[in-house]
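Taking it in order: structure first as structure tokens, then the write-up.
Protein chains: 4
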Amino acid sequence: MKNTFGSAVSLTIFGESHGPAVGAVLDGLAAGLPVDGAAIAAALEGRRARGDGLSTARKEPDEVEFLSGVKNGHTTGTPLTLLLRNTDTRGGDYQKTAALLRPGHADYTALAKYEGWQDAAGGGHFSGRLTAPAVAAGAVCEGVLAALGIRVYTHIARCAGVDDAPLDPLCESLPALTPGHFALIDADREAPMQAAIRAAAAEGDSVGGILETAVTGLPAGIGEPWFDSVESELAHLMFAIPACKGIEFGAGFGFAGLRGSAANDPFVLRDGRIATAANRNGGVNGGITNGMPVVFRTVLKPTPSIYKEQSTVDYAAMRPATLQIKGRHDPCIVPRAAAVQTALTAFGLLDLLTVRYGTLAQKHGLPGK
Amino acid sequence: MKNTFGSAVSLTIFGESHGPAVGAVLDGLAAGLPVDGAAIAAALEGRRARGDGLSTARKEPDEVEFLSGVKNGHTTGTPLTLLLRNTDTRGGDYQKTAALLRPGHADYTALAKYEGWQDAAGGGHFSGRLTAPAVAAGAVCEGVLAALGIRVYTHIARCAGVDDAPLDPLCESLPALTPGHFALIDADREAPMQAAIRAAAAEGDSVGGILETAVTGLPAGIGEPWFDSVESELAHLMFAIPACKGIEFGAGFGFAGLRGSAANDPFVLRDGRIATAANRNGGVNGGITNGMPVVFRTVLKPTPSIYKEQSTVDYAAMRPATLQIKGRHDPCIVPRAAAVQTALTAFGLLDLLTVRYGTLAQKHGLPGK
Amino acid sequence: MKNTFGSAVSLTIFGESHGPAVGAVLDGLAAGLPVDGAAIAAALEGRRARGDGLSTARKEPDEVEFLSGVKNGHTTGTPLTLLLRNTDTRGGDYQKTAALLRPGHADYTALAKYEGWQDAAGGGHFSGRLTAPAVAAGAVCEGVLAALGIRVYTHIARCAGVDDAPLDPLCESLPALTPGHFALIDADREAPMQAAIRAAAAEGDSVGGILETAVTGLPAGIGEPWFDSVESELAHLMFAIPACKGIEFGAGFGFAGLRGSAANDPFVLRDGRIATAANRNGGVNGGITNGMPVVFRTVLKPTPSIYKEQSTVDYAAMRPATLQIKGRHDPCIVPRAAAVQTALTAFGLLDLLTVRYGTLAQKHGLPGK
Amino acid sequence: MKNTFGSAVSLTIFGESHGPAVGAVLDGLAAGLPVDGAAIAAALEGRRARGDGLSTARKEPDEVEFLSGVKNGHTTGTPLTLLLRNTDTRGGDYQKTAALLRPGHADYTALAKYEGWQDAAGGGHFSGRLTAPAVAAGAVCEGVLAALGIRVYTHIARCAGVDDAPLDPLCESLPALTPGHFALIDADREAPMQAAIRAAAAEGDSVGGILETAVTGLPAGIGEPWFDSVESELAHLMFAIPACKGIEFGAGFGFAGLRGSAANDPFVLRDGRIATAANRNGGVNGGITNGMPVVFRTVLKPTPSIYKEQSTVDYAAMRPATLQIKGRHDPCIVPRAAAVQTALTAFGLLDLLTVRYGTLAQKHGLPGK
């Protein structure tokens, strides 16, 4: 389904970086759900570029226009379509080097796939700009989850070599995240993290990092044993984030060094309910939520647009070439991507919840919870 | 779609560990493709249990019965259905401890999801037994890919703390893997790996590991920018493998420690074609194949069935309990899972190829390649 | 998805007429739903061939083997797979005339699509034999609907030129249907209907007819405005019935001769609830159920296998030829197809109900109903 | 998938009659396909309202704005999104009678489904206005088909009791259709048809009719035996047309009165290729195209908005009421719907072609044709 994903709730993403607009269609919502403009704006603010040396100077207004599916601040139950107009599109910056393939970018793969017909300006359909409508749509889903007692929490676990304080995998306390651009558990990590990013930027280079998400309040029993496991659904969505190159749940790659006796989460009774003493499985057993927080991490590669000179190929002339990228580019997209990860997580879990409980439950609540 | 996945080619998995049979329906194949029984048997042999102290003593005949879609050794173009009968099903081993939730297993999540109606014997629908039909179906896909010049290669990158020799991410040479149960680049690693597994087993414990897959011969241009990225499709499938808890492409989580200048793969001309000098992006840029080998790693957690005493809950009595698992269980499923990873990879890539080139191309070849 | 259909509940059909078995996978059922073997057998009895001059003499045992998803007479919540073995397969009858394309059959289209690799014996994957697993799977769905107060009722509206008594579109009374092979409102129509079929058969010819289905007890609000309208879902399914060439809802093609004032169904209050005075819209407005019975009719073409000599083409020699079909063939499949129509209707509506109310509602009931 | 349909090519429809815009996302197109603005405008002109007493006086500008997927007059290969702004939206006309359920409309079913949260103005998401983006998207598909030698031809077979000249089901000649609003084979039928519509309108009433479509130039082998039959795909789409209540292929309901000997289409050799002497099966056998023209008819019910007084229910007061509809409404939408039927047919067949031949074939042609 290419640019559409989801079973009971579906999300379609469209647009190009320098086209008239980017947007999303969110279908499968119940009618009468609140659509909170302020919450959407806050989510978009999370992924907004700052022009502060840490993220691109592009001025994106990020005003959301609802084309359908919303009336009087509530969903109508029909497809919710939202647009963000592109206003600050300096195509010229890109065209000069159009025949030089930028390493790490989708220039060559787009060329191969679209046989030269793609809209290349600003990354076109591959641009991180398309995460903006995903964030807006996800913020609607996040609001629905919140009303059902479900919270999605994403922090920057590591960026530019600097770690945040660790997340408690049981989420017995989830401290308020640092306000502003850097979603951190420990506010004191922001300064060294920023410094490390600026150091890379000063050398014309870029850095990557790790985002960690915890979802609390999910009932046990969501997801499926095989192809629609919670991990499959979330991984499918996270790999739509342009820079994402890996995902792990719970102890993740650490499981390779654990024995079963240290990897299993013993069952316990907590407040009269079945729980686990640890949460190394990240809230998922056999593809299905076990009522513990769903915890996962993704890795985002360094921004491929760097100012250092790079070797590449001029595909028009089919000869080696040297590339010097200009224009405005984030030295690090990890802080901005936290909002995207939260949004797509909210969407994916709302989809899985709806499979089990039906569309109406989005509004009327989950029975037995 | 729960137990069915795929766009142009789809795979449905069904069955329970101790039911009459497990099976698969593979739909969307062209007609006239060879179905090589020997190749299927060889793939199944890869995931077969040995009863050698390294894997469970259960004797699975693994004879594939084709119910539909195959005639005279070739596909008919209609759904290919295959069965593997379950013969050695000692349900009694499991029933004794039925009300004690096994940590790390799907016992509790199945209980929550199916409200007690699941077929619990031997793991039921969650059993690794269901990977057998997936392997058989994937072997058919692997044969189709092979005829198109595409090869799927999976080795045990790490198991029980022992590493294999590293894979060359450019795959300029892909050494023959160690024959037998342990798919290794370096045959000398087998003995220490086996020893480490036996050591854990001797303590009633289990171990996990990392599987690495490389796919060579793929044309550039497969996959989609957003939700149907190559990474999304493969991750979706790999997380259907019961023990899989993480996946990474190319440099994967290592990207968090790299700068862009070290993460980007410079483009070069090789044999008159566009290629990259390194392959840190694992053959995928912007979700689309770039013609380099697709390389990824998954982590498999240690088998949750261990013989050590574990704390758990008796859900019938809703009180704490101590569990002592009996029966036959693999101390490590990593070697057996290599065949599953290969099979699901072959299936997923055949699906993506078919989206681009159509069903007929499975038989008649990829134009321009 | 080719041989799989459905959103929240999915049905996969596989098999060939003269292969080892035909079968179905029904996925998306809640756990704990009763699977009533007697009801399945009764449904299959409805589509069974009699060898009485009205339907083919082929002896089909129609014993259903459950491979997965059923335990202790209830669904487990995992894919329900059922098989019917093929035992009476006389391939020889068909092979003699293999290069002569049978008019009205899928011989030529299968040849074009599968390039000669299809399993042609007995119609292969195109055989009406494949409706048997659909009937069995549908009977499970019908049982689920019945427990929710929803009834699917199909009668032979017209066959071989003989009409049944008309169905009351308000379904204020739904008389018991004639027992046995001919599902009729008026038992007195059976004798002339049989006589007309036999008259055609005596001339080596065949006849078609019209099946009419009414579904009572559906809540208002099922279905979607555009592509997943109730009409779209049911039509999609009915056109899977091999002989179906048309479908109409409510007044159907009669609407072309009505004015709006005669076509609209006035709203009334009945028993304190909103209803309509007439039911010319067949229970569906804007693609969504309105709480009135869903009523539709399909037309089934005459069996293409006739004993009269026919002009055709020998595709091997590419020259005109004369065909004389032998073997055993129904002169009319309309009575047998009633069970298929009921089954696919039950499946389709269970799917749409599940989209709205969730999987759990299949077992726990529809809130507010 | 609710408002999205298609396997290899997908179409999403969104918007409300009196919201800011209606639109469509068309995904799965190859890159480099021409997007002919004039052809799109011509298709939209076909469904445009005239304000001539035959169709509503609403002035719809029908200017298509491309938001994504088109550059330099060609597709980019990424989702093609198009908008039509709503400008002439007099919500007031509708609000006065908001609590009176209009018979034959979706007022009540929307109320039941959306629990009162729907956008009711002008029919909201149910409005025929949403067919405009479907027509625009379909016109793009029609252009792709035309370049492959495939033509979609729709005429008004019957309207207001007046028949057009019959279509030759072999399509040996397809006469140019009457220019303007009434797509007729025989231009002389337009005057009596218009007169009959005006006569109904003069009485405050409305009429329906039958649209017939023929598609020529399709290769044999498109479609699938069971759930994705050509008939299933096209019927699914046609029932998305708001007024459609029936569809029949080839001889359709006429098959109920035919014997097999008269229903079968004998195979013949024509120009050295296999063809059929007649085309009573409407170009489809066993769900798959046979290379003959695909021919089908739909019935469209009379416009439910009539000016005659009607009995209904005031759902707010839950009491019987009398309704007098005001505003502007077509007395007949059949002529305008011809463009919609053509558009959705073109989309559906492009989807099925792409399943078989792949995305690239949309641009590079069908091998072997």
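Quick mapping for you: the protein sequence lines, in order, are chains A, B, C and D.
All letters in the first sequence, in the order written, are residues 0 to 368 by numbering that gives the first Met the number 0.
All letters in the second sequence, in the order written, are residues 0 to 368 by numbering that gives the first Met the number 0.
All letters in the third sequence, in the order written, are residues 0 to 368 by numbering that gives the first Met the number 0.
All letters in the fourth sequence, in the order written, are residues 0 to 368 by numbering that gives the first Met the number 0.
Every residue, glycine too, gets a C-beta built ideally from N, C-alpha and C.
- A residue is called buried when at least 16 other Cβ atoms come within 10 angstroms of its Cβ; PRO334 (chain C) meets this threshold and is buried.
- Rounded to whole angstroms, the gap between the alpha carbons of THR358 (chain A) and TYR113 (chain D) is 11 Å.
- Listed along the chain, the chain C residues whose CB falls inside 8 Å of the CB of VAL354 (chain A) are ALA7, GLY357, THR358.
- Comparing alpha-carbon positions, the option among D:MET317, D:GLU44, D:LEU32, D:VAL21 lying closest to THR77 (chain A) turns out to be D:VAL21.
- Within chain D, no C-beta atom comes less than 9 Å from the C-beta of PRO218 (chain B); the nearest is roughly 11 Å away.
- In this structure the region 242–251 of chain A does not lie against the region 177–190 of chain A, because fewer than three pairs of beta carbons, one per stretch, are closer than 8 Å.
- For GLY285 (chain B), same chain residues with a beta-carbon under 6 Å away, outside a window of 5 residues either side, are PRO224 in chain order.
- With contacts defined by Cβ atoms closer than 7 Å, GLU232 (chain B) and GLY347 (chain B) form a contacting pair.
- In the DSSP assignment, GLN340 (chain B) falls within the alpha helix (DSSP H) that extends over 333–356.
- For PRO33 (chain C), the three-state secondary structure derived from DSSP is strand.
- Inter-residue distance for GLU211 (chain D) and GLN340 (chain D) is about 9 Å (C-alpha atoms, whole angstroms).
- Looking at the DSSP output, ALA274 (chain B) sits in a beta bridge with B:VAL267.
- Residues of chain B with a Cβ closer than 8 Å to the Cβ of THR77 (chain D) are, in chain order, PRO224.
- The alpha-carbon separation between ASP167 (chain C) and ALA239 (chain C) amounts to approximately 27 Å.
- In summary, the residues of the region 99–124 of chain C whose CB is separated from some CB of chain B by less than 8 Å are LYS112, TYR113, GLU114, GLY115, TRP116, GLN117, ASP118, GLY123, HIS124, in the order they occur in the chain.
- A direct Cα-Cα distance of roughly 52 Å separates GLY282 (chain B) from GLU171 (chain D).
- At a cut-off of 7 Å between C-beta atoms, ALA30 (chain D) counts as an interface residue with respect to chain A.
- When 8 Å is used as the limit between beta carbons, LEU268 (chain B) is near these residues of chain A: VAL312, MET317, ARG318, PRO319, in chain order.
- Using a 10 angstroms sphere on the CB of ALA146 (chain D), the tally of other CB atoms stays under 16, which defines it as exposed.
- Think of a sphere of 8 Å around the beta carbon of THR302 (chain A): the chain B residues whose beta carbon falls inside it are GLY259, in chain order.
- Within the same chain, and ignoring the five residues on either side of ASP26 (chain A) in sequence, the residues whose Cβ sits closer than 6 Å to its Cβ are SER9, PRO78.
- The DSSP-derived three-state label of TYR314 (chain A) is coil.
- Residue pairing from DSSP leaves ALA135 (chain B) without any beta-bridge partner.
- Within the same chain, Cβ atoms closer than 6 Å to the Cβ of ALA42 (chain A) are found at VAL134, ALA138, ALA338, the five residues on either side in sequence being excluded.
- Under the 10 Å beta carbon count, ALA194 (chain C) is surrounded by fewer than 16 other beta carbons and is classified as exposed.
- Counting the other Cβ atoms within 10 Å of the Cβ of GLU62 (chain B) gives fewer than 16, which makes it exposed.
- Here LEU169 (chain A) has ALA277, ASN278, MET291, PRO292 as same chain residues with Cβ atoms under 8 Å from its own Cβ, once five neighbours each way along the sequence are excluded.
- With respect to the 7 Å criterion, LEU349 (chain C) and VAL143 (chain C) are classified as neighbours on the basis of their beta carbons.
- ALA213 (chain A) is positioned such that its CB atom lies closer than 7 Å to that of VAL294 (chain A).
- Secondary structure at ILE305 (chain B): coil, using DSSP grouped into helix, strand and coil.
- Contact annotation: the region 310–328 of chain C does not touch the region 215–223 of chain C, with fewer than three C-beta pairs closer than 8 Å.
- In this structure the region 257–264 of chain C touches the region 294–304 of chain D; the number of beta carbon pairs closer than 8 Å is three or more.
- For GLY208 (chain D), the enclosing beta strand (DSSP E) begins and ends at 208–215.
- Contacts between ASN278 (chain D) and chain C, judged by CB atoms closer than 9 Å, are missing: the closest CB pair is about 12 Å apart.
- Here PRO191 (chain D) really is in contact with VAL161 (chain D); their C-beta atoms are around 5 Å apart, less than 8 Å.
- The beta carbons of PHE266 (chain B) and THR108 (chain A) sit about 11 Å from each other, so the pair does not count as a contact at 8 Å.
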